[in-house]
Amino acid sequence: MRLLAQMDFKDHLHNLISKYILLKIYYEEGEFDALESLLDSLAAYLRRREIVENQKINGQNIIRLTRGLLRLNAYDKEKRQVLRKEIEKTRPLTERKWFLEMVEK
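Our numbering numbers the first residue of the sequence shown as 21 and each following residue consecutively.
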């Protein structure tokens, strides 16, 4: 995990993929402070770099939905359903399967 956090690829796509993997690890391990920091740095990365528009929108969607997961109350089934529907309709979203698994936990 430390090595992945330190990686800086020259290719934007590899950088984004490594950040998405790290995001999943932080969320599943309960490292929420590190995850919030990663989300902030990812948002800045997407704003500052010239990235293909589709990849930029995908990244913004991943950030928004991850923050939605973080705010989710484990016992609020209604809000879980709302987030699940939002995940299902969001396009583009490369990590849809993972988000759907997390919203069901």
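Glycine residues also receive a C-beta, built at the ideal position from the N, C-alpha and C atoms.
Model, not experiment: these values are computed from the prediction.
Item                                                                                                                      : Value
Distance, Phe119 Cα to Gln101 Cα                                                                                          : 12 angstroms
6 angstroms CB neighbourhood of Asn81 in its chain, flanking five on each side removed                                    : Thr110 and Leu113
Residue range of the alpha helix (DSSP H) that includes Ile41                                                             : His32 to Glu49
Contact the stretch 66-81 vs the stretch 28-37: 3+ CB pairs below 8 angstroms                                             : yes
Leu85 vs Leu92 beta-carbon contact at 8 angstroms                                                                         : no
Close-in-space but distant-in-sequence residues of the same chain around Lys76 (CB under 8 angstroms, 5 per side omitted) : Leu66
Selected residue, minimal CA-CA separation from Ser61, among Lys105, Glu98, Leu42 and Glu48                               : Leu42
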